[in-house]
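Beneath this line is the structure, given in structure tokens, with notes to follow.
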């Protein structure tokens, strides 16, 4: 297990906890809701824009970065970006999904997101789950993973958020191994956004906080300040990509059989990788579920912690249906001119379809208000 702290200059700190473990036909627009969970596979295409007013690689390529239930839903026609920004100053969300009927008979993706998560103003939770060998695992996660995360968070207030994510992933993995069937599994990318107070020990006005460097007025000012912190966790090849000053910063790690480190972990555990697949079967090396291969395909997540700045306009979460045909920077470049996250997510989905993606598609864009 390796843990490290983030710095106060917008640096991203990544953590990969020790992997050893005990072993577009239909469109819906829903403008106003505090939360949304979607896991049904009946719709071939889905677009969502929600707001909270109404209701309660190359081998090392993936290590980029700055070193960096269903609730009541009420319809509204007033959903312009300017109106959303006035009413919901912390973030806005757009989601687009498509079964990709040319290539897939069923929809096995699921997602969930929450404004004012756990009743805390400005706190957000966002996640996408990409199922395989059936939709059971992804459906369960779309409906319940946020509950597991919240329960673990409330019971472990002394732990860091990356540690909480680690425990929540293992708890969800345990539940799926008991309930989702022997073969059903899913990859996952989850993000948690909150405001945190800046501690006295952190950097103040760009100076080290020492008696020689810090005046009394600066100390008083530091106590009033807060920071927006984004945490991510993933297993498998679903990704989170942050736009920072126009550049794509990957906040996840692709756990694939083609990765040398992951392949070594599997062979050390007694398995093998053939044709970049675990035991010749599964392309991802970490997932939730997949109980028949749990000795090798673990649920331990890769985590990151990022202090957001005014140079971070949006975050993209998506399954591999997008990333198989779109590079991180290309995705950022495609949508950095849009202020409406719904339009942005739809543009990414359309780009994937036009470039012959062969998988289900789920794309979430979170417009961040950090100014």
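In full-length UniProt numbering, the protein residues as written are 1 to 371. Cβ atoms here follow ideal geometry from the backbone N, Cα and C, with glycine treated the same way. All figures in this text were calculated on a predicted structure; none of them were measured in a lab.
query: Measure the Cβ-Cβ separation of residue 179 and residue 198 and say whether it is below 8 Å.; result: no
query: Buried or exposed, going by whether 16 or more other CB atoms sit within 10 Å of the CB of residue 364?; result: buried
query: As a quick exercise: from 112, 301, 276 and 336, pick the residue whose alpha carbon is nearest that of residue 252.; result: 301
query: Put residue 358 into one of helix, strand or coil per three-state DSSP.; result: coil
query: Considering only their Cβ atoms, is the gap separating residue 148 from residue 171 smaller than 8 Å?; result: yes
query: Grouping DSSP H, G and I as helix and E and B as strand, with all else coil, what is residue 234?; result: strand
query: Could you tell me whether the Cβ atoms of residue 282 and residue 299 are closer together than 8 Å?; result: no
query: Please confirm whether residue 342 and residue 134 have their CB atoms less than 8 Å apart.; result: no
query: Check residue 107 in the structure and name its three-state DSSP category.; result: coil
query: Figure out for me which residue from 315, 247 and 229 has the closest Cα to the Cα of residue 196.; result: 229
query: Give every residue of the same chain whose Cβ lies closer than 6 Å to the Cβ of residue 220, excluding the five residues on either side of it in the sequence, and list them in chain order.; result: Since pLDDT at residue 220 reaches only 46, below the 50 mark, its modelled position is unreliable, and the value read off the structure follows with that caveat. There are no such residues.
query: According to DSSP, is residue 308 part of a helix, a strand, or is it coil?; result: coil
query: Per the DSSP calculation, residue 195 is bridged to which residue(s)?; result: 228
query: Kindly indicate the opening and closing residues of the alpha helix (DSSP H) around residue 314.; result: Per DSSP, residue 314 belongs to no alpha helix (DSSP H); it is in the beta strand (DSSP E), 314-318.
query: By the 10 Å Cβ neighbour count, where 16 or more other Cβ atoms means buried, how is residue 246 classified, buried or exposed?; result: exposed
query: Give the single residue among 89, 100, 90 and 92 whose Cα lies nearest to the Cα of residue 350.; result: 100
query: Look up residue 52 in the DSSP assignment and say whether it is helix, strand or coil.; result: At residue 52, the pLDDT of 34 sits below 50, so the modelled position is not reliable; the number obtained from the coordinates is stated separately. DSSP places residue 52 in coil when its eight states are reduced to three.
query: Considering just the uninterrupted stretch of the alpha helix (DSSP H) at residue 175, what are its terminal residues?; result: 161-179
query: Using CA atoms only, rank isn't needed, just tell me which of 269, 338 and 128 is closest to residue 237.; result: 128
query: Does the stretch 352-363 touch the stretch 313-329, meaning 3 or more C-beta pairs lie closer than 8 Å?; result: yes
query: Please report the straight-line C-alpha distance between residue 82 and residue 274, rounded to a whole angstrom.; result: Confidence at residue 82 is low in this model, with a pLDDT of 38, below 50, so its placement is unreliable and no value can be given for it.
query: Measure the alpha-carbon distance for residue 348 versus residue 153 and round it to whole angstroms.; result: 32 Å
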